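Residue numbers (this note's numbering): 36 to 341. Glycine is no exception: its CB is placed at the ideal position from the N, C-alpha and C atoms. Predicted, not measured: the structure shown is a model, and the values here were computed from it. Taking it in order: structure first as structure tokens, then the write-up.
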């Protein structure tokens, strides 16, 4: 008597997260071939941001929601450029969105960044002189490709011809391990949805910049950060210490100490330091059952060269 094998079960996997996987009904990144159906797949071309910061939008168009920002020197893979807008994926966090095409320049396989901007805000000078014209601002964690230094040692020459003060840059290998200290430098910075700079920053953007300055890779959104950053330290608020991450529904902050939270928030419309208990009470108004999602602590093994 022969027994036929039961039919194979079809497992339906959820579609890839479109925030970090480039796919639309008409086009997808080549890495998703066989995973999502699309009439076309693209390998994309590498480009980098030439502006101090460039808005990354949810859809092509200046009126579309800003979901993040690209900073000067950051590289992307561009899958499509059309009508003045480029559909890109950031190399630093895999975030996908639309940026104006004129914000990007060819990458040409330039060397990995040798330095990063260490100040919250700095200047890109046209010559190695404090009196020289300023091309544009520079912001914390922006990658720099240094090619030399001025004769007096006060300025670093960049590969695009600009100059930055040595006081505003640090070798990429010289990390800033105290993420609370980095976050505190942003105190008073205006809150801006999707922001990552000293001109405006949101809660997960503040965490991302601080964690990147500590030498760790960091995703963009708070739910992604809660799922991947550091080690879970349970639910005991009494264990919290400086530098710990506290995740709420749709929000995140960094502990300044055992009782106070540094966070970019729409209540103050700025980066502020507030008693954690007060923040929890505010969150509880809209999420009474679970005001805190996770408590996490960065671990040394996470630190890696960007």
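Worksheet item: Could you give the distance in angstroms between the alpha-carbon of residue 71 and the alpha-carbon of residue 54?
Response: Looking up residue 71 in the chain shown gives position 36. Looking up residue 54 in the chain shown gives position 19. Computed Cα separation, rounded: 15 Å.
Worksheet item: Where DSSP assigns a beta bridge to residue 174, which residues make up the other side?
Response: As a working mapping, residue 174 is identified with position 139 in the chain shown. 156.
Worksheet entry | residue 186, buried or exposed, once every other Cβ within 10 Å from all chains shown has been counted against 16 | In the chain shown, residue 186 corresponds to position 151, counting from 1. Looking at its Cβ environment, which holds fewer than 16 other Cβ atoms inside 10 Å, residue 186 is exposed.
Worksheet item: Which residue comes first and which comes last in the alpha helix (DSSP H) that contains residue 244?
Response: The residue you call residue 244 lines up with position 209 of the chain shown. Segment 238-248, the alpha helix (DSSP H) holding residue 244.
Discussion item. For a test of the three-state rule: what should DSSP assign to residue 68, helix, strand or coil?
Written reply: Counting from one through the chain shown, the residue named residue 68 turns up at place 33. The answer is strand: DSSP assigns residue 68 an E or B state.
Worksheet item: Exposed or buried, what is residue 302 when buried is set at 16 or more other beta-carbons lying within 10 Å of its beta-carbon?
Response: Walking along the chain shown from the start, residue 302 turns up at place 267. Per the 10 Å Cβ criterion, exposed.
Worksheet item: Starting from residue 199 and walking both ways along the beta strand (DSSP E), at which residues does that stretch end?
Response: Sequence index remark: in the chain shown, residue 199 carries index 164 (1-based). Start and end: 198-200.
Worksheet item: Which residues does DSSP pair with residue 306 in a beta bridge?
Response: Walking along the chain shown from the start, residue 306 turns up at place 271. Paired residues: 299.
Fill in: Residues that residue 83 bridges to, as DSSP identifies them
To locate residue 83, count along the chain shown from 1; it is residue 48. BP columns for residue 83 point to 110, 140.
Practice prompt. With a 10 Å radius around its C-beta and 16 neighbouring C-beta atoms as the bar for buried, classify residue 321 as buried or exposed.
Written response: As a working mapping, residue 321 is identified with position 286 in the chain shown. Under this definition residue 321 is an exposed residue.
Discussion item. Which residue marks the beginning of the alpha helix (DSSP H) containing residue 224, and which one marks its end?
Written reply: Here residue 224 is taken as the residue at index 189 of the chain shown, counted from 1. First-last for residue 224: undefined, no H or E at that position.
Discussion item. What does the alpha-carbon distance come out to for the pair residue 43 and residue 50?
Written reply: Here residue 43 is taken as the residue at index 8 of the chain shown, counted from 1. Here residue 50 is taken as the residue at index 15 of the chain shown, counted from 1. Reliability of the predicted coordinates at residue 43 is poor, the pLDDT of 46 falling under 50, and the value obtained from them is presented with this limitation in mind. Approximately 21 Å, taken between the alpha carbons.
Worksheet item: Would residue 255 pass as a contact of residue 164 if the rule is Cβ separation under 8 Å?
Response: Your numbering for residue 255 matches position 220 in the chain shown. Your numbering for residue 164 matches position 129 in the chain shown. No, they are not a contact pair.
Item to complete: Put residue 193 into one of helix, strand or coil per three-state DSSP.
Response: For the purposes of this step, residue 193 is identified with residue 158 of the chain shown, where counting begins at 1. In the structure shown, residue 193 sits in a strand (DSSP, three-state: E or B).
Worksheet entry | Boundaries (first-last residue) of the alpha helix (DSSP H) holding residue 123 | On the chain shown, position 88 is the one that residue 123 refers to. Residue 123 -> not in any alpha helix (DSSP H); beta strand (DSSP E) instead, spanning 120-125.
Practice prompt. Examine the Cβ distances between the segment 213-225 and the segment 287-303 and report whether three or more of them are shorter than 8 Å.
Written response: yes
Item to complete: With a threshold of 16 other CB atoms inside 10 Å of the CB of residue 150, please say whether the residue is buried or exposed.
Response: Your numbering for residue 150 matches position 115 in the chain shown. Classification of residue 150: buried, given that the 10 Å Cβ count is 16 or more.
Worksheet item: Is it buried or exposed for residue 22, if we count other Cβ within 10 angstroms and need 16 for buried?
Response: This structure cannot speak to residue 22, because the chain is shown only from 36 to 341.
Item to complete: Could you name the residues that DSSP lists as bridge partners for residue 206?
Response: What you label residue 206 is simply residue 171 of the chain shown in a count that begins at 1. DSSP, once it has assigned bridges, lists 150 as partnering residue 206.
Fill in: Host alpha helix (DSSP H) of residue 344 (start-end)
Nothing about residue 344 can be reported from this structure: the residues present for the chain run from 36 to 341 only.
Worksheet item: In terms of DSSP beta bridges, what is residue 169 paired with?
Response: Position 134 of the chain shown, counting from 1, holds the residue named residue 169. Its beta-bridge partners are 160.
Worksheet entry | For residue 217, the residue or residues it bridges with in DSSP | Along the chain shown, one-based indexing puts residue 217 at 182. Note: residue 217 sits in no beta bridge, so no partner.
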